[in-house]
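Worksheet: the structure to be examined is printed underneath.
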DNA sequence: CCATGAATTGAATATTCAGTTAATTAAGAG
DNA sequence: CTCTTAATTAACTGAATATTCAATTCATGG
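Protein chains in written order, with our numbering: chain A, 99 to 309; chain B, 99 to 309.
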């Protein structure tokens, strides 16, 4: 004789819940297949409830981008690179940036959809730009540290950071085209090597530093 | 008293014409906004005509990817790097790869849409993989040439080529976030510098080649 | 305890969607 | 000139779409 037992939640809980479902729907069906109806069905709620919270689909879209970018920003803040010894540190940093956890955070397939939106949507574009700027700033600070320690020879750390972001994104985009695990790991290793080369990294042993 | 004067075209002309319009619609409205109706309206033809040629929308999609990838492949074939002198050649190659013409060929915004499709669509995924493999092979051949000439110190040219493709795509994806022209050009220059570093390029002057 | 407002629903809106079927038009072959 | 065939349109269909609006259920604070 149990009543359906529907739990009422407030906006603070419901909105992100809807956004996550929206995101998941985009992952599974693409942005072209993510309708309000489908999102509602997945959550067992009424489509109107979604409209109640977001007014329009477009609105929901920009709030989703916002949500994701915040999540990303949080991750950025919590990157833990403990080592102070510069050689150890640079390797740890690259290990984190090319780690699986880093890439599991968001689903690249959905990110592509969002990025494609950013081309037509000024607001979304700005949001992404802000995210990348944040990311760049974080990396630039690290690079500066390595330059001060004299273990890399990059020019302007800001510009190098941008190139680095580019490479990281490029890697993210390509990863999924490598099906077999071996070549995937090799690709990852080669990426790290490439970055070190690119930055003019001088390894520990053989302390030759002419010029 | 002029009749509307509709010209009849055969499939050979009509199909690519439809595909181009489909592509343009995706550019302007995103894949989520590219319906058969809109494509037909843009061409002043009847939606059924599109169905006549492609049967299903999904079919049209894969044919579009095919079309684009062919175009890309043609571009690849026509890359003209004339110089034989290796130093000249490597610079010319990088100039071409980071040239405006190269990036004007397809619209990155639509490419993103397609790539996002590739995550859910096995056929599309394969098509992209093939394209990138082609591209990688082309670059690997060039890299081999530079290695033989002893002006770069890359390890396996195939792997380095993959990294290079990654970087090129990363650049393509980021380009549009740089609005002002100056920083855009600086970014481009820095990219080239990064690639040369990455490949362990040794400039002409000061022919020191110890090891 | 009741009044106010938020959460949620139901039914109805007009619109757009991909796709079907049948008819019409024109081009090319004989 | 006619017959055949391919290109094109016209008129639909049914399902799905986003969105609106009024009604209802609940929580809570005065």
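The C-beta atom is built at its ideal place from N, Cα and C for all residues, glycine as well.
Continuous alpha helix (DSSP H) stretch holding residue i: start and end
i	result
residue 126 of chain A	109-127
residue 283 of chain B	279-296
residue 167 of chain B	155-175
residue 299 of chain A	No alpha helix (DSSP H) contains residue 299 of chain A, which DSSP labels as neither H nor E.
residue 275 of chain B	That residue, residue 275 of chain B, is in no alpha helix (DSSP H); it is neither H nor E in DSSP.
residue 150 of chain A	145-152
residue 134 of chain B	134-141
Closer than 9 Å to chain A by CB, residue i
i	result
residue 263 of chain B	yes
residue 117 of chain B	no
residue 289 of chain B	yes
residue 258 of chain B	yes
residue 218 of chain B	yes
residue 296 of chain B	yes
residue 213 of chain B	yes
Chain-order list of residues whose beta-carbon lies under 8 Å from that of residue i (same chain, five-residue window excluded)
i	result
residue 261 of chain B	296
residue 211 of chain B	124, 128 and 129
residue 223 of chain A	216 and 217
residue 232 of chain B	171 and 174
residue 282 of chain B	273 and 276
residue 109 of chain A	151
residue 148 of chain A	116, 134, 137, 138 and 158
residue 160 of chain A	219, 221, 222 and 225
residue 155 of chain A	134
residue 192 of chain A	290, 293 and 294
residue 107 of chain B	115
Cutoff 7 Å; reference residue i; Cβ partners in own chain excluding five residues on either side
i	result
residue 286 of chain A	196
residue 252 of chain B	241, 245, 258, 297 and 298
residue 201 of chain A	270 and 273
residue 264 of chain B	none
residue 208 of chain B	121, 124 and 125
residue 102 of chain A	Because the pLDDT of residue 102 of chain A is 40, which lies under 50, any placement of that residue in the model is unreliable, and the number read from its coordinates should be weighed accordingly. So no residue of the chain qualifies.
residue 237 of chain B	259, 262 and 263
residue 140 of chain B	119 and 123
residue 99 of chain A	For residue 99 of chain A, the pLDDT reaches just 34, beneath the cut-off of 50, and the residue's location in the model is therefore unreliable, although a value from the coordinates is still provided. Excluding sequence neighbours, residue 99 of chain A sits near nothing in its chain.
residue 162 of chain A	117, 120 and 121
residue 112 of chain B	151
Residue-chain proximity (residue i, chain B), Cβ-Cβ < 9 Å
i	result
residue 166 of chain A	no
residue 148 of chain A	no
residue 284 of chain A	yes
residue 223 of chain A	yes
residue 266 of chain A	yes
residue 293 of chain A	yes
residue 271 of chain A	yes
residue 152 of chain A	no
residue 274 of chain A	yes
Own chain, CB closer than 6 Å to residue i, minus 5 neighbours either side, in chain order
i	result
residue 306 of chain A	Unreliable placement is indicated for residue 306 of chain A, whose pLDDT of 45 sits below 50; the coordinate value is still reported in the next sentence. For residue 306 of chain A, where only same-chain residues beyond five positions count, there are no Cβ hits under 6 Å.
residue 226 of chain B	216
residue 203 of chain A	173
residue 190 of chain B	179 and 181
Using Cβ-Cβ distances below 8 Å, what residues of the stretch 168-187 of chain A are close to chain B?
-> none
Quick one: which unbroken alpha helix (DSSP H) runs of 4-plus residues sit fully inside the stretch 186-241 of chain B? Chain order, please. 198-202 and 206-216
**Residues from the stretch 185-211 of chain A in contact with chain B, defined by Cβ distance under 7 Å** = 207, 210 and 211
Next item on the list: Using a Cβ-Cβ cut-off of less than 7 Å, list which residues of the stretch 108-140 of chain A approach chain B; keep chain order.
Entry: 128, 129 and 130
Along the stretch 226-253 of chain B, where does the CB come closer than 8 Å to a CB of chain A? Name the residues.
Residues are counted here when their Cβ sits less than 8 Å from a Cβ of chain A; for the stretch 226-253 of chain B these are 226, 227, 230 and 253, given in chain order.
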